[in-house]
Ligand SMILES: Nc1ncnc2c1ncn2[C@@H]1O[C@H](COP(=O)(O)OP(=O)(O)OP(=O)(O)O)[C@@H](O)[C@H]1O
Ligand SMILES: Nc1ncnc2c1ncn2[C@@H]1O[C@H](COP(=O)(O)OP(=O)(O)O)[C@@H](O)[C@H]1O
Ligand code: SF4
Ligand code: SF4
Ligand SMILES: [Mg+2]
Ligand SMILES: [Mg+2]
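Structure (structure tokens):
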């Protein structure tokens, strides 16, 4: 494993199981079995302070579950999550930004109160006057006006609401921001505004990002390290340039081959006809084997371990490397 | 889709259809929503043309008017929305003047529709087979057996394995990508001249997205169907469409062949949009950004609606409204291409 000197976050063989069975009585009456989904399976990674670590993968692969485990919204079913040291020796503060800025802001609160809430709750400022000036400062930091504090969420566009979510997340002076698809609900021109803002904040405030997205071009733009997930597991993890220049896992190769590319359209590409399998009933061994052109009998037997193949570039494929 | 009694087959009895007519011709379409707070013009003088076998991508930010344009063509505008001006022809036949009954027949037979969420297009209570067979027989009288055969052929054509077995299954037994294939099969059932596909891949994962766009491309080539592909994703346009119309605030601001518009955009909005998309090939420091946001309908700026966000705006842009004029190899609605902005 590549050593990271000053990790802000270490996720060590973390798993999360969800019970999705029918209610107990139905199970007894109808003789249905217990159903467990392994949403996240033995996932390990480390994030270096000040960097951006991204997780990509298709719907349902477990990205948001990892985000929620890291922020403590879910308890783990196994494994460890350890944080490095935060400012002034206190534990690292973690905040989360969600995809949908519409539902994550309370519609009945004024923007000023939405942003001030964590400041008041954690007593980060001595009095109301200081809190108010901090709120104004935060609004300006994210590119809004100080007097926007008096308005309500519905008075803002999607992009502006995402700025408000960011201001609120910054209010607790966090070191680590977990961003789950922060621009997926936004138009490209507005997405560029938010990505630029996030980059600037990262530099100015020394923030670390755990960044989740299904959009590979956004991930390429933002990240230092990328982890590709498939059906609850990390199948490849590498520095951004090596992943894009030389993807080693057949699934990463498929993703990079199928993503629409404005600058080099692949009009005559061959598309696979497979689909991600159901997490309720995952294939044996390497979960990708039903879609993999290279699959052999060995692939159906054991789950391939995530192996270091070169300079911090890891892949979980028997044939890679 | 609702399962209806198949009406007695009869021709809408309209005028003969000209040979070799475009799959779709939209001329100066204006769509209005009368609301309590005033008249909102969602689509403002839009003209579009799609040849048989051609995919026109309609791209723009949310609220630009892409979906309303598609719904107007399909005759599915919801009240109080109404076509205030303009003409729509499908395969040369005027459709915006048809009665509700005539329209129901033309829709489905001459036009198919594919929407973002395949679940809304499928009836959860009926098997895939029942829905396909009903749609096929609605538009072309034939025996149940023949229709069933045709349903199997259609499912195979859209890439559903073991179609005979799949006929008996219900929508919830299909994955998102499979459902969208079924919706495409339904849209194709009557061999329409035109398909309106509104964000058909937006709800799907990238690897499935590519399967669906490739399928649309192939069907369009093989059946000579014209397709209006509505999307906010330039990548999908780049990979799938022949020509593109870029919409902004209810108008087409640039149109042309995909290669020309994407690689040599002429309108400042298209240029901004292209530059704002992060590259898959190289990492840039800061993305080019268009400041501000698209105006709401009730606060559309005077003159060129893009002027408050346009780095090149001049005094004329506040006074007059630019029209589409030839610009390089495409057409753009911008005074830079049409006499200057002073
Ligand atoms: N609270 C829950 N209860 C039961 N199952 C869940 C729960 N949350 C997630 N899952 C399941 O866990 C798996 C991973 O879900 P997760 O939300 O992490 O996916 P994701 O990668 O974020 O997908 P998307 O791109 O669609 O957001 C899925 O199969 C999902 O159905
Ligand atoms: N029923 C309605 N009443 C009033 N305005 C509407 C209605 N439906 C759509 N609009 C407005 O028409 C414009 C175009 O909408 P639409 O075509 O759905 O945009 P998009 O380009 O995202 O598909 C938007 O500003 C939208 O708010
Ligand atoms: S382990 Fe086998 S099935 Fe899995 S990706 Fe590698 S070659 Fe394919
Ligand atoms: S007409 Fe004027 S404001 Fe509109 S895009 Fe052209 S230069 Fe900009
Ligand atoms: Mg998610
Ligand atoms: Mg739309």
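Residue numbers (the numbering used here), protein chains in the order written: chain E, -8 to 312; chain P, 474 to 815. Note that the Cβ used here is the ideal one computed from N, Cα and C, for glycine as well. Predicted, not measured: the structure shown is a model, and the values here were computed from it.
* **Members of the stretch 697 to 708 of chain P near chain E, C-beta cut-off 9 Å** => Going along the stretch 697 to 708 of chain P in chain order, one finds 705, 706, 707 and 708 with a Cβ nearer than 9 Å to chain E.
* Asked: Touching or not, the stretch 556 to 569 of chain P and the stretch 595 to 611 of chain P, by the rule of three or more beta carbon pairs under 8 Å?
  -> By the criterion of at least three beta-carbon pairs nearer than 8 Å, the stretch 556 to 569 of chain P is not in contact with the stretch 595 to 611 of chain P.
* To the nearest whole angstrom, what separates the beta carbons of residue 701/P and residue 543/P, a pair I think is in contact under 8 Å? -> By 1-based counting over the second chain, the position of residue 701/P is 228. By 1-based counting over the second chain, the position of residue 543/P is 70. Residue 701/P to residue 543/P, Cβ: 6 Å. Contact.
* Asked: Measuring from the CB of residue 814/P, is there a heavy atom of ligand 4 at a distance below 7 Å?
  -> Locating residue 814/P in the second chain gives position 341, where the first residue counts as 1. Result yes, Cβ under 7 Å from ligand 4.
* Within 8 Å (strictly less), CB to CB, does residue 183/E reach chain P? -> Your numbering for residue 183/E matches position 192 in the first chain. Interface residue, yes.
* Based on the DSSP secondary-structure assignment, which residues constitute the bridge partners of residue 29/E? -> As a first step, residue 29/E is located in the first chain; it is residue number 38 there, counting from the start. Beta-bridge pairing links residue 29/E to 8/E.
* Asked: Taking only runs of the alpha helix (DSSP H) that begin and end inside the stretch 40 to 70 of chain E, which ones reach a length of at least 4 residues, in chain order?
  -> DSSP runs (the alpha helix (DSSP H)) wholly in the stretch 40 to 70 of chain E: 54 to 61.
* Mind checking if residue 650/P is an interface residue toward chain E, Cβ cutoff 8 Å exclusive? -> The count along the second chain starts at 1 and reaches residue 650/P at position 177. For residue 650/P, the answer is yes, since a Cβ of chain E falls inside 8 Å of its Cβ.
* Below 7 Å between beta carbons is the criterion; list the residues of the stretch 718 to 749 of chain P that meet it against any residue of chain E, in chain order. => Result list: 735, 745, 746 and 749.
* Taking the continuous alpha helix (DSSP H) assigned at residue 249/E, which residues delimit it? -> Sequence index remark: in the first chain, residue 249/E carries index 258 (1-based). Here the alpha helix (DSSP H) through residue 249/E covers 241 to 249.
* Asked: Would the beta-carbon of residue 172/E be found less than 7 Å away from any heavy atom of ligand 5?
  -> In the first chain, residue 172/E corresponds to position 181, counting from 1. For ligand 5, at least one heavy atom lies less than 7 Å from the Cβ of residue 172/E.
* Proximal residues of chain E, C-beta to C-beta of residue 760/P below 8 Å -> Translated into positions along the second chain, residue 760/P becomes position 287. Chain E residues near residue 760/P: 183, 186, 187 and 212.
* Identify every run of the alpha helix (DSSP H) within the stretch 617 to 646 of chain P, keeping only runs that are complete inside it and at least 4 residues long; order them along the chain. => Counting whole runs of 4 or more residues, the stretch 617 to 646 of chain P contains the alpha helix (DSSP H) stretches 617 to 630 and 636 to 639.
* Does any CB atom of chain P fall closer than 8 Å to the CB of residue 249/E? -> Within the first chain, residue 249/E is the residue found at index 258, counting from 1. Interface residue, yes.
* Ignore the nearest five residues each way along the sequence and tell me which others in residue 284/E's own chain have a CB closer than 6 Å to its CB. => Here residue 284/E refers to the residue found at position 293 when the first chain is read from its first residue. Within the same chain, no Cβ atom closer than 6 Å to the Cβ of residue 284/E is found once the five residues on either side in sequence are excluded.
* Below-8 Å beta-carbon distance, residue 768/P vs any chain E residue -> What you label residue 768/P is simply residue 295 of the second chain in a count that begins at 1. Chain E, which has no Cβ nearer than 8 Å to the Cβ of residue 768/P, makes this no.
* Asked: Taking 8 Å as the CB-CB cut-off, is residue -1/E touching chain P?
  -> Counting from one through the first chain, the residue named residue -1/E turns up at place 8. Under the 8 Å criterion on CB atoms, residue -1/E is classed as non-interfacial with respect to chain P.
* From this set, 230/E, 289/E and 38/E, which residue's C-alpha is nearest residue -4/E's C-alpha? -> As a first step, residue -4/E is located in the first chain; it is residue number 5 there, counting from the start. Here the closest residue by C-alpha is 38/E.
* Keeping to the same chain, check which residues put their C-beta closer than 6 Å to that of residue 705/P; ignore five residues upstream and five downstream. => Taking the second chain and counting its residues from 1, the one referred to as residue 705/P is at position 232. Excluding positions up to five away in sequence, the list is empty.
* **Close-in-space but distant-in-sequence residues of the same chain around residue 481/P (CB under 8 Å, 5 per side omitted)** => Locating residue 481/P in the second chain gives position 8, where the first residue counts as 1. Confidence is the limiting factor: at residue 481/P the pLDDT is only 41, short of 50, which leaves the residue's position unreliable, though a coordinate-based value still follows. Once the five neighbours on either side are set aside, residue 481/P has no close Cβ partner at all.
* To do: Would you check if the distance between the CB atom of residue 209/E and the CB atom of residue 174/E is smaller than 8 Å?
  => Stepping through the first chain from its first residue, residue 209/E is reached at position 218. Stepping through the first chain from its first residue, residue 174/E is reached at position 183. One thing to note: residue 209/E has its Cβ within 8 Å of the Cβ of residue 174/E.
* To do: Examine ligand 3 and report whether any of its heavy atoms sits within less than 7 Å of the Cβ of residue 290/E.
  => Against the first chain, residue 290/E aligns to sequence position 299. In this structure, residue 290/E has its beta carbon less than 7 Å from a heavy atom of ligand 3.
* List, in order along the chain, the chain P residues whose C-beta lies closer than 8 Å to that of residue 145/E? -> Taking the first residue of the first chain as position 1, residue 145/E is located at position 154. Under the 8 Å cutoff, chain P gives no residues; its nearest Cβ is about 12 Å from residue 145/E.
* Could you tell me which residues DSSP puts in a beta bridge with residue 511/P? => By 1-based counting over the second chain, the position of residue 511/P is 38. Within the DSSP bridge table, the entry for residue 511/P names 508/P as partners.
* To do: Report whether the distance from the Cβ of residue 54/E to the nearest heavy atom of ligand 5 is below 7 Å.
  => In the first chain, the residue the question calls residue 54/E occupies position 63. Relative to the non-hydrogen atoms of ligand 5, the Cβ of residue 54/E comes within a distance shorter than 7 Å of at least one.
* Asked: Taking Cβ positions only, does residue 130/E come closer than 8 Å to chain P?
  -> Translated into positions along the first chain, residue 130/E becomes position 139. Interface residue (Cβ-Cβ distance to chain P less than 8 Å): residue 130/E is not classified as such.
* Considering only the beta carbon of each residue, do residue 495/P and residue 523/P sit closer than 8 Å? -> To locate residue 495/P, count along the second chain from 1; it is residue 22. To locate residue 523/P, count along the second chain from 1; it is residue 50. Closer than 8 Å, so yes.
* To do: Let me know the secondary structure DSSP gives residue 229/E once reduced to three states.
  => As a position in the first chain, residue 229/E is number 238, starting the count at 1. Reduced to three states, the DSSP call for residue 229/E is strand.
* Asked: Span of the alpha helix (DSSP H) holding residue 151/E?
  -> What you label residue 151/E is simply residue 160 of the first chain in a count that begins at 1. Unbroken alpha helix (DSSP H) run through residue 151/E: 149 to 162.
* To do: Compute the minimum distance between the beta carbon of residue 783/P and the heavy atoms of ligand 7, and state whether it is under 7 Å.
  => Looking at this structure, you won't find ligand 7 anywhere; what it does contain is ligand 1, ligand 2, ligand 3, ligand 4, ligand 5 and ligand 6.
* Continuous beta strand (DSSP E) stretch holding residue 216/E: start and end -> Against the first chain, residue 216/E aligns to sequence position 225. For residue 216/E, the uninterrupted beta strand (DSSP E) run begins and ends at 216 to 221, by DSSP.
* Asked: To which residues of the same chain is residue 510/P closer than 8 Å at the C-beta, ignoring the five residues directly before and after it?
  -> Residue 510/P sits at position 37 when you count from the first residue of the second chain. If we look at residue 510/P and ignore the five residues flanking it on each side, its Cβ neighbours are 771.
* What is the residue span of the alpha helix (DSSP H) that residue 172/E lies within? -> One-based indexing of the first chain puts residue 172/E at position 181. Careful: residue 172/E lies outside any alpha helix (DSSP H) and carries neither H nor E.
* **CB contact below 8 Å: residue 150/E versus chain P** => Translated into positions along the first chain, residue 150/E becomes position 159. Yes, contact with chain P.
* **Other residues of its chain near residue 165/E: CB distance less than 7 Å, five sequence neighbours each side excluded** => Taking the first residue of the first chain as position 1, residue 165/E is located at position 174. The beta carbon of residue 165/E sits closer than 7 Å to the beta carbons of 84, 85 and 86 from its chain, once the five residues preceding and following it are set aside; these are given in chain order.
* CA-CA distance, residue 180/E and residue 78/E? -> As a position in the first chain, residue 180/E is number 189, starting the count at 1. As a position in the first chain, residue 78/E is number 87, starting the count at 1. Rounded to the nearest angstrom, the two C-alpha atoms are 35 Å apart.
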